[in-house]
Amino acid sequence: MHDLIAFLEANSALVLANPAAFATFAALFGGGGFVVGRYLLTERIANLESRIARRDEEITELKENQKAPEPEASMIPLFEMAEILPRAPLNFNRLLVQRKGDHHVG
(Lines of atoms letter the chains of each structure in order from A and count residues from 1; the text may use other names and numbers.)
(Lines give C-alpha, C1' and ligand atoms only; values in the text may rest on other atoms or scores of the structure.)
Protein backbone atom coordinates (compact mmCIF):
# COMPACT_ATOMS: atom_id res chain seq x y z
CA MET A 1 0.00 0.00 0.00
CA HIS A 2 2.90 2.32 0.80
CA ASP A 3 4.32 1.72 -2.70
CA LEU A 4 1.01 2.72 -4.30
CA ILE A 5 0.91 5.97 -2.33
CA ALA A 6 4.51 6.71 -3.26
CA PHE A 7 3.72 6.01 -6.94
CA LEU A 8 0.74 8.37 -6.87
CA GLU A 9 2.78 11.09 -5.15
CA ALA A 10 5.52 10.76 -7.74
CA ASN A 11 3.06 10.85 -10.67
CA SER A 12 0.48 13.27 -9.27
CA ALA A 13 1.53 16.01 -11.70
CA LEU A 14 0.82 13.65 -14.64
CA VAL A 15 -2.60 12.63 -13.23
CA LEU A 16 -3.57 16.27 -12.60
CA ALA A 17 -2.46 17.29 -16.10
CA ASN A 18 -4.65 14.63 -17.81
CA PRO A 19 -7.53 13.60 -15.47
CA ALA A 20 -9.76 12.36 -18.35
CA ALA A 21 -7.12 9.92 -19.59
CA PHE A 22 -6.45 8.70 -16.04
CA ALA A 23 -10.18 8.13 -15.40
CA THR A 24 -10.57 6.34 -18.74
CA PHE A 25 -7.72 3.96 -18.04
CA ALA A 26 -8.93 3.36 -14.49
CA ALA A 27 -12.44 2.49 -15.76
CA LEU A 28 -11.08 0.22 -18.51
CA PHE A 29 -8.71 -1.71 -16.27
CA GLY A 30 -11.20 -1.89 -13.38
CA GLY A 31 -14.03 -3.08 -15.64
CA GLY A 32 -11.74 -5.51 -17.45
CA GLY A 33 -10.61 -7.00 -14.17
CA PHE A 34 -14.21 -7.42 -13.07
CA VAL A 35 -15.21 -9.12 -16.35
CA VAL A 36 -12.24 -11.50 -16.27
CA GLY A 37 -12.89 -12.37 -12.62
CA ARG A 38 -16.58 -12.93 -13.30
CA TYR A 39 -15.76 -15.18 -16.28
CA LEU A 40 -13.27 -17.25 -14.29
CA LEU A 41 -15.61 -17.64 -11.28
CA THR A 42 -18.84 -18.35 -13.20
CA GLU A 43 -18.60 -22.12 -12.67
CA ARG A 44 -17.98 -21.72 -8.95
CA ILE A 45 -20.90 -19.31 -8.58
CA ALA A 46 -23.22 -21.72 -10.44
CA ASN A 47 -22.06 -24.59 -8.23
CA LEU A 48 -22.77 -22.61 -5.08
CA GLU A 49 -26.19 -21.52 -6.35
CA SER A 50 -27.16 -25.13 -7.10
CA ARG A 51 -26.04 -26.21 -3.62
CA ILE A 52 -28.15 -23.45 -2.05
CA ALA A 53 -31.19 -24.52 -4.11
CA ARG A 54 -30.71 -28.17 -3.07
CA ARG A 55 -30.44 -27.21 0.60
CA ASP A 56 -33.60 -25.12 0.32
CA GLU A 57 -35.43 -28.14 -1.12
CA GLU A 58 -34.14 -30.36 1.70
CA ILE A 59 -35.26 -27.83 4.30
CA THR A 60 -38.77 -27.61 2.84
CA GLU A 61 -39.01 -31.43 2.74
CA LEU A 62 -37.95 -31.70 6.38
CA LYS A 63 -40.44 -29.02 7.42
CA GLU A 64 -43.26 -30.81 5.56
CA ASN A 65 -42.36 -34.14 7.18
CA GLN A 66 -42.21 -32.50 10.59
CA LYS A 67 -45.66 -30.90 10.22
CA ALA A 68 -47.53 -33.99 9.02
CA PRO A 69 -46.14 -37.19 10.54
CA GLU A 70 -47.35 -40.42 9.02
CA PRO A 71 -49.93 -42.16 11.24
CA GLU A 72 -48.48 -45.63 10.76
CA ALA A 73 -44.98 -44.45 11.63
CA SER A 74 -46.17 -43.03 14.94
CA MET A 75 -48.05 -46.20 15.89
CA ILE A 76 -45.79 -48.77 17.50
CA PRO A 77 -47.28 -52.26 17.78
CA LEU A 78 -47.46 -53.53 21.33
CA PHE A 79 -46.91 -57.22 21.91
CA GLU A 80 -48.00 -59.10 24.96
CA MET A 81 -44.96 -59.27 27.16
CA ALA A 82 -44.39 -62.24 29.42
CA GLU A 83 -41.69 -62.40 32.03
CA ILE A 84 -39.41 -65.31 31.41
CA LEU A 85 -37.40 -66.30 34.44
CA PRO A 86 -34.28 -68.43 34.31
CA ARG A 87 -34.45 -71.90 35.76
CA ALA A 88 -33.73 -72.21 39.45
CA PRO A 89 -30.08 -72.89 40.19
CA LEU A 90 -28.92 -76.32 41.35
CA ASN A 91 -26.91 -76.89 44.50
CA PHE A 92 -24.02 -79.35 44.82
CA ASN A 93 -26.33 -82.23 45.65
CA ARG A 94 -28.17 -81.64 42.35
CA LEU A 95 -31.23 -80.54 44.25
CA LEU A 96 -33.21 -77.51 43.34
CA VAL A 97 -32.56 -74.53 45.53
CA GLN A 98 -35.81 -72.85 46.31
CA ARG A 99 -36.09 -69.14 45.88
CA LYS A 100 -37.27 -66.95 48.71
CA GLY A 101 -40.63 -66.28 47.03
CA ASP A 102 -41.23 -69.94 46.03
CA HIS A 103 -42.09 -71.42 49.45
CA HIS A 104 -44.62 -74.12 48.81
CA VAL A 105 -46.58 -75.46 51.72
CA GLY A 106 -47.51 -79.00 51.27
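Residues in the sequence shown are numbered from 155 upward in steps of one, following the working numbering. Glycine included, C-beta positions come from ideal geometry on N, C-alpha and C. Since this is a predicted model, take the numbers as computed values, not measurements.
For residue 260, which residues from the same chain have a beta carbon less than 8 Å from its beta carbon, with the 5 sequence-adjacent residues on both sides left out? Annotation note: pLDDT 46 at residue 260 (below 50); position unreliable, no value reported.
If I follow the unbroken alpha helix (DSSP H) through residue 165, where does it start and stop? Looking at the DSSP string, residue 165 is not in any alpha helix (DSSP H), and its letter there is neither H nor E.
List the endpoints of the continuous alpha helix (DSSP H) containing residue 172. Note, residue 172: premise wrong, no alpha helix (DSSP H); not H, not E.
Check residue 216 in the structure and name its three-state DSSP category. helix
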